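**Student:** The structure is given below, and queries will be raised subsequently.
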Amino acid sequence: MNWKYPLPRIPGSRAMVLSAALALTVSGAAALAAEADEHSGHAASEQAMEHDHSGHAAPEQAMEHDHSADEHAGHDAGAADDPHAHHRAMMQQTGYRRSEHDYALHDVPLVDMQGNQTSLLAQLDAGKPVMVNFIFTTCTTICPVMSATFQQVQSELGAERDQVRMISVSIDPEHDTPARLREYAELFDAGDQWEFLTGSLANSIAVQKGFDVYRGNKMNHEPTTLMRKGQGDPWVRIDGLASAADIVKEYHAMLGR
Ligand SMILES: [Cu+2]
9 MNWKYPLPRI PGSRAMVLSA ALALTVSGAA ALAAEADEHS GHAASEQAME
59 HDHSGHAAPE QAMEHDHSAD EHAGHDAGAA DDPHAHHRAM MQQTGYRRSE
109 HDYALHDVPL VDMQGNQTSL LAQLDAGKPV MVNFIFTTCT TICPVMSATF
159 QQVQSELGAE RDQVRMISVS IDPEHDTPAR LREYAELFDA GDQWEFLTGS
209 LANSIAVQKG FDVYRGNKMN HEPTTLMRKG QGDPWVRIDG LASAADIVKE
259 YHAMLGR
């Protein structure tokens, strides 16, 4: 284990994320969230307000009506209501579900964390196996866990990491600027093989819909990891908070070794 701690103000957070990724605890994630908020300089009140502009109307949102109502009720009352109940319940689930899919993906314009114009297919069809997840940097629930899991995956892969391309797509691209994504990538020691992508909100949603992970509201997003051996191969979809060991196991199975 060679975790670095580049951010002295949050010495405990990395360990918390890691332990959360292995044995999820609500308190650990909550503590991480609080510390991450502190680091990013976003007061809790600002974050609560963000729930508002995450409410991009969509058909799916109707199904989450109760959840949304809770979120809005929580704005004035501070933390009285729990907008993260959905995710907390999810984080207490163990195991994951594996399935295979052929997604008809369109070549959506995106922006990488250096600010360069790129596109979904340019990122995916780079002649390497790919792993994809969806995150937003101010998420205080499952995204820190998923990012810590990717961090641990790259660590477990060791030198083999150079053969895979790991991609995290922001589902809050209006907030997740390239600079913000670089900061986030550094927090998780992202190696050269791990790219973070942003772009317009419409394009982020298009990518999410392409992978059937769009849930109408960033607060409702689910922990899903997708991987593909190569162009033309099926996508292996991992639903649930799989451990790094599980993801590496599925990755190796997908490669056929
Ligand atoms: Cu999240």
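Residues in the sequence shown are numbered consecutively from 9, following our numbering. Each residue gets a CB set at the ideal place from its N, CA and C atoms; glycine is no exception. Everything numeric in this text was worked out from a predicted model, so none of it was measured.
Grab me the residues of residue 239's own chain with a C-beta within less than 6 Å of its C-beta, minus the 5 sequence neighbours each way, in chain order.
**Tutor:** Result list for residue 239: 133, in chain order.
**Student:** Considering only the beta carbon of each residue, do residue 278 and residue 157 sit closer than 8 Å?
**Tutor:** A query on residue 278 cannot be resolved here, the shown segment of the chain reaching from 9 to 265 and no further.
**Student:** Within 10 Å of its beta-carbon, does residue 107 have 16 or more other beta-carbons around it, so buried, or fewer, so exposed?
**Tutor:** Label assigned to residue 107: exposed.
**Student:** Skipping 5 residues on each side, what residues in its chain have a beta carbon closer than 7 Å to that of residue 136?
**Tutor:** Only 171, 172, 173 meet the Cβ criterion.
**Student:** Which runs of the alpha helix (DSSP H), 4 residues or longer, sit entirely within the segment 175-217?
**Tutor:** List check, alpha helix (DSSP H) in window: 186-195.
**Student:** Does the segment 186-199 come close enough to the segment 119-128 to have 3 or more Cβ pairs within less than 8 Å?
**Tutor:** Counting Cβ pairs under 8 Å, three or more are found: they touch.
**Student:** Return the chain-ordered list of same chain residues with a C-beta closer than 7 Å to the C-beta of residue 199, the five sequence neighbours on each side being excluded.
**Tutor:** Cβ neighbours of residue 199 beyond the five flanking positions: 162, 169.
**Student:** When DSSP labels each residue in this structure, what does residue 58 get in the three-state scheme?
**Tutor:** Because the pLDDT of residue 58 is 36, which lies under 50, any placement of that residue in the model is unreliable, and the number read from its coordinates should be weighed accordingly. DSSP places residue 58 in helix when its eight states are reduced to three.
**Student:** Please report the distance separating the alpha-carbon of residue 247 from that of residue 141.
**Tutor:** Between residue 247 and residue 141, the C-alpha separation is close to 11 Å.
**Student:** If you measure from the CB of residue 213, is any heavy atom of ligand 1 nearer than 7 Å?
**Tutor:** It does not: the Cβ of residue 213 is nowhere closer than 7 Å to a heavy atom of ligand 1.
**Student:** Could you tell me how far apart the beta carbons of residue 111 and residue 196 are, in whole angstroms, since I believe they sit closer than 8 Å?
**Tutor:** With a Cβ gap of about 26 Å, residue 111 and residue 196 do not count as contacting.
**Student:** Whole angstroms is fine: what's the gap from residue 256's alpha carbon to residue 249's?
**Tutor:** Going from the Cα of residue 256 to the Cα of residue 249 covers about 13 Å.
**Student:** Whose CB is closer than 5 Å to a heavy atom of ligand 1? List the residues in chain order.
**Tutor:** My final list is 147, 150, 151.
**Student:** Using C-beta distances below 8 Å, list every residue in its chain close to residue 139, excluding the 5 sequence neighbours before and after it, in chain order.
**Tutor:** The answer, listed in chain order, is 158, 161, 172, 173, 174, 175, 233, 234, 235, 255, 259.
**Student:** Express the C-alpha separation of residue 202 and residue 263 in angstroms, rounding to a whole number.
**Tutor:** Near 19 Å, if we compare the C-alpha coordinates of residue 202 and residue 263.
**Student:** Would residue 231 be called buried (16 or more neighbouring beta carbons within 10 Å of its own) or exposed?
**Tutor:** Residue 231 is buried by the Cβ-count criterion.
**Student:** Could you tell me which of 155, 177, 224 sits nearest to residue 204, measuring between CA atoms?
**Tutor:** Considering only alpha carbons, the answer is 177.
**Student:** For residue 105 and residue 208, I'd like the C-alpha separation in whole angstroms.
**Tutor:** Approximately 30 Å between the Cα atoms of the pair.
**Student:** What would DSSP say about residue 132, mapped onto helix, strand or coil?
**Tutor:** DSSP places residue 132 in helix when its eight states are reduced to three.
**Student:** If you check the beta carbons only, do residue 226 and residue 144 fall under 8 Å apart?
**Tutor:** In contact: residue 226 and residue 144 (Cβ atoms closer than 8 Å).
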